[in-house]
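Residue 372 in full-length UniProt numbering sits at position 372 of the sequence shown, and the numbers go up by one each step. Glycine residues also receive a C-beta, built at the ideal position from the N, C-alpha and C atoms. Just so we're clear, the structure is a prediction, and the values are computed from it rather than from any experiment.
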Amino acid sequence: MKKKFYLTTPVYYVNDVPHLGHAYTTIAADALARYKRLKGYEVLFLTGTDEHGDKINRAAKEKGITPIELADQVVSRFQNLWKKLSISNDDFIRTTESRHTQVVSKVFQRLYKQEDIYRGTYKGWYCVPCESFWLEPQLRNGNLCPECGRKTEKVEEESYFFRLSRYQKPLLDYLEHHPDFVLPPSRKNEVVEFVKRGLKDLSITRLKLAWGVPCPIEKKHTIYVWIDALINYISALGYGTNKDKFSIFWPADVHLVGKDILRFHAIIWPALLMALGIELPQTVFAHGWWKIKGEKMSKSKKNVIDPEEIVKQHGADQLRYFLLREVPFGEDGNFSIPLFIKRVNSDLANDLGNLLSRTIPLVVRHCGGKVPSPADEDKILEEKIKKILPSLDEAMNILSFSEALSCIWEIIRSANLYVDRCAPWKLANQADKQKRLNTVLYNLSETLRVLALLVFPFIPVSAQKIWTQLGIEEDLGSQTLDKAGVWGGLSPGTTVKKGPPLFPRIKM
Numbered sequence: 001m002k003k004k005f006y007l008t009t010p011v012y013y014v015n016d017v018p019h020l021g022h023a024y025t026t027i028a029a030d031a032l033a034r035y036k037r038l039k040g041y042e043v044l045f046l047t048g049t050d051e052h053g054d055k056i057n058r059a060a061k062e063k064g065i066t067p068i069e070l071a072d073q074v075v076s077r078f079q080n081l082w083k084k085l086s087i088s089n090d091d092f093i094r095t096t097e098s099r100h101t102q103v104v105s106k107v108f109q110r111l112y113k114q115e116d117i118y119r120g121t122y123k124g125w126y127c128v129p130c131e132s133f134w135l136e137p138q139l140r141n142g143n144l145c146p147e148c149g150r151k152t153e154k155v156e157e158e159s160y161f162f163r164l165s166r167y168q169k170p171l172l173d174y175l176e177h178h179p180d181f182v183l184p185p186s187r188k189n190e191v192v193e194f195v196k197r198g199l200k201d202l203s204i205t206r207l208k209l210a211w212g213v214p215c216p217i218e219k220k221h222t223i224y225v226w227i228d229a230l231i232n233y234i235s236a237l238g239y240g241t242n243k244d245k246f247s248i249f250w251p252a253d254v255h256l257v258g259k260d261i262l263r264f265h266a267i268i269w270p271a272l273l274m275a276l277g278i279e280l281p282q283t284v285f286a287h288g289w290w291k292i293k294g295e296k297m298s299k300s301k302k303n304v305i306d307p308e309e310i311v312k313q314h315g316a317d318q319l320r321y322f323l324l325r326e327v328p329f330g331e332d333g334n335f336s337i338p339l340f341i342k343r344v345n346s347d348l349a350n351d352l353g354n355l356l357s358r359t360i361p362l363v364v365r366h367c368g369g370k371v372p373s374p375a376d377e378d379k380i381l382e383e384k385i386k387k388i389l390p391s392l393d394e395a396m397n398i399l400s401f402s403e404a405l406s407c408i409w410e411i412i413r414s415a416n417l418y419v420d421r422c423a424p425w426k427l428a429n430q431a432d433k434q435k436r437l438n439t440v441l442y443n444l445s446e447t448l449r450v451l452a453l454l455v456f457p458f459i460p461v462s463a464q465k466i467w468t469q470l471g472i473e474e475d476l477g478s479q480t481l482d483k484a485g486v487w488g489g490l491s492p493g494t495t496v497k498k499g500p501p502l503f504p505r506i507k508m
């Protein structure tokens with residue numbers, strides 16, 4: 001029976017089109033999902049869209065359309081981008097789907113029945129862009145949101161509250177005894193300090209808001225968008241309706257989120273799960289932001305990077321590689337086109353692309369286009385791969401994508417050095433060196449086969465091109481490392497196919 005692995009991205013808000021931050025989280029999740037499949041896991045990779053709330057209602061009004069029409073338009077943009085980026089999600093949940101809204105209603109009813117939800121009056125300030133409630137002492141400069149710096153609106157209205165304060169001590173105890181619940185560790189420390197300052201009960205409904213899940217206790221109330229959105233992680237598994245699927249995949253192994261939404265996922269979400277008596281996810285991993293010259297991207301500053309435009313101009317695998325390689329996952333990074341081009345040309349064109357373009361033509365020219373049989377004992381590249389694989393696995397298990405790619409590039413650079421040292425073009429001119437030439441070209445071809453497997457989670461389209469040029473007929477996506485990762489999998493006599501450059505150099 002296969003081991004199970006359930007990972008999620010946040011459900012993305014549909015008030016605007018997808019940006020680089022959305023792409024970053026989803027590419028990281030995809031790389032992890034593909035790697036776990038390669039390791040033999042049965043993976044459930046969930047992404048989706050968050051489609052309720054005041055912000056979407058207002059954005060739709062500005063465009064002169066209904067909220068669901070706006071949601072449909074933006075959902076299409078997300079799904080098209082994921083296709084272009086080779087995202088291999090197993091499910092896509094929309095919070096407007098009945099499979100989700102029904103679970104939200106059931107959860108609310110249950111928590112109300114057990115008195116984890118009660119009715120009261122909310123007095124405070126509300127930030128529409130952040131969909132967040134604040135008390136006056138928390139505001140900046142009078143009435144500015146402490147998160148985004150924009151104006152908040154004063155609110156005093158009847159509301160239903162979740163008894164978040166009830167779960168302050170259980171949360172602190174859990175955080176203390178589960179060091180990997182929030183990662184990286186610096187983010188966990190932030191969460192612990194926030195909880196220690198005291199948790200207040202949370203307003204979880206709004207009056208006069210038609211666009212959302214109606215409160216099942218009182219229809220004039222609408223459930224707060226963040227409570228609605230968080231429940232997607234269990235509604236997608238059929239919580240309360242599909243016991244088998246839920247028991248197979250829950251708890252989630254990893255929730256991947258941006259650091260700006262960590263508190264919702266590391267405080268409110270686990271408190272809700274505790275109230276429901278549901279086991280908590282294994283890990284909430286909060287990654288950093290991509291900035292421009294040290295500043296957060298924003299439309300007002302006109303510094304937003306459109307991932308679709310990068311893909312159109314330079315390629316999806318190029319963007320995937322840069323985002324996962326350039327900055328340790330969990331830290332902030334600076335995005336610039338010169339940095340992007342430098343990384344792509346150096347690592348992809350010069351290293352991996354060059355290795356392929358050096359090897360295949362030599363096999364075509366000197367071996368009739370067929371993979372030769374190795375004739376002598378030469379285990380340099382085989383031993384290098386064996387040495388690197390445990391380090392690669394260790395890096396992926398802690399979501400260190402840049403370190404994992406660094407491990408793979410050790411193999412690539414060793415293979416290029418092997419070409420330089422063995423000089424197969426010279427061996428080809430010596431009649432008594434044919435057996436040595438065959439060994440060298442087999443070792444290079446076999447190394448490329450293993451490399452295609454290893455880079456597949458990160459740059460899947462390019463990995464498939466390597467696989468195809470090697471003439472391998474088996475489906476790359478269905479391979480597992482325990483079998484296909486063993487040296488010697490490339491059969492002598494396999495016909496290779498010369499192709500165009502894998503990564504054409506980008507001109508600055």
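{"Check": "Buried/exposed call for residue 177, threshold 16 Cβ in 10 Å", "Outcome": "exposed"}
{"Check": "Contacting residues, own chain, Cβ-Cβ under 6 Å from residue 35 (five flanking each side not counted)", "Outcome": "396 and 457"}
{"Check": "Inter-residue CB distance, residue 274 and residue 167 (contact presumed, cutoff 8 Å)", "Outcome": "5 Å"}
{"Check": "Cross-strand partners of residue 334 (DSSP beta bridge)", "Outcome": "291"}
{"Check": "Buried/exposed call for residue 500, threshold 16 Cβ in 10 Å", "Outcome": "exposed"}
{"Check": "Cβ neighbour criterion (16 or more within 10 Å) applied to residue 247", "Outcome": "exposed"}
{"Check": "Rounded distance between the beta-carbons of residue 494 and residue 364, thought under 8 Å", "Outcome": "That belief does not hold up - the Cβ atoms of residue 364 and residue 494 are roughly 12 Å apart, past 8 Å."}
{"Check": "Spatial distance of residue 440 from residue 388 (CA atoms)", "Outcome": "20 Å"}
{"Check": "Residue 310 versus residue 60 - alpha carbon distance", "Outcome": "28 Å"}
{"Check": "Ordered list of alpha helix (DSSP H) runs contained in the stretch 296–364, each at least 4 residues", "Outcome": "307–314, 316–325 and 337–343"}
{"Check": "Proximity of residue 445 and residue 481 at Cβ, strictly below 8 Å", "Outcome": "no"}
{"Check": "Three-pair Cβ contact test at 8 Å for the stretch 81–98 versus the stretch 109–117", "Outcome": "no"}
{"Check": "Buried versus exposed call for residue 286 [16 or more other C-beta atoms within 10 Å across all chains shown]", "Outcome": "buried"}
{"Check": "Nearest-angstrom Cα separation, counted from residue 86 out to residue 316", "Outcome": "8 Å"}
{"Check": "Own chain partners of residue 237 with C-beta closer than 7 Å, once the 5 adjacent residues on each side are dropped", "Outcome": "245, 246, 249 and 250"}
{"Check": "Beta-carbon separation (whole angstroms), residue 476 vs residue 452, contact threshold 8 Å", "Outcome": "7 Å"}
{"Check": "Same chain only: Cβ atoms within 7 Å of residue 428, ignoring 5 sequence neighbours per side", "Outcome": "366 and 437"}
{"Check": "Nearest to residue 49 (by Cα), restricted to the options 232, 170 and 193", "Outcome": "232"}
{"Check": "Rounded separation between residue 73 and residue 46 - CA only", "Outcome": "20 Å"}
{"Check": "Proximal residues to residue 356 (C-beta, below 7 Å), its chain only, five neighbours per side dropped", "Outcome": "448, 466, 469 and 502"}
{"Check": "Proximity below 8 Å, CB of residue 56 to CB of residue 70", "Outcome": "yes"}
{"Check": "Residue from 264, 421, 443 and 308 with nearest C-alpha to residue 373", "Outcome": "443"}
{"Check": "Cβ contact check for the stretch 98–112 and the stretch 139–152: 3 or more pairs under 8 Å", "Outcome": "no"}
{"Check": "Beta-carbon spacing of residue 235, residue 103 below 8 Å", "Outcome": "yes"}
{"Check": "Ordered list of alpha helix (DSSP H) runs contained in the stretch 154–193, each at least 4 residues", "Outcome": "168–177"}
{"Check": "Residue 264 - partner residues in DSSP beta bridges", "Outcome": "None, per the DSSP bridge assignment."}
{"Check": "Assumed close pair residue 81, residue 18 - CB separation to whole angstroms, cut-off 8 Å", "Outcome": "5 Å"}
{"Check": "Nearest-angstrom Cβ-Cβ length linking residue 122 and residue 159, presumed shorter than 8 Å", "Outcome": "4 Å"}
{"Check": "Simplified DSSP state of residue 286, which is helix, strand or coil", "Outcome": "strand"}
{"Check": "Segment limits, alpha helix (DSSP H) that includes residue 21", "Outcome": "20–38"}
{"Check": "Residues sharing a beta bridge with residue 402, DSSP", "Outcome": "Note: residue 402 sits in no beta bridge, so no partner."}
{"Check": "Terminal residues of the beta strand (DSSP E) in which residue 223 lies", "Outcome": "221–223"}
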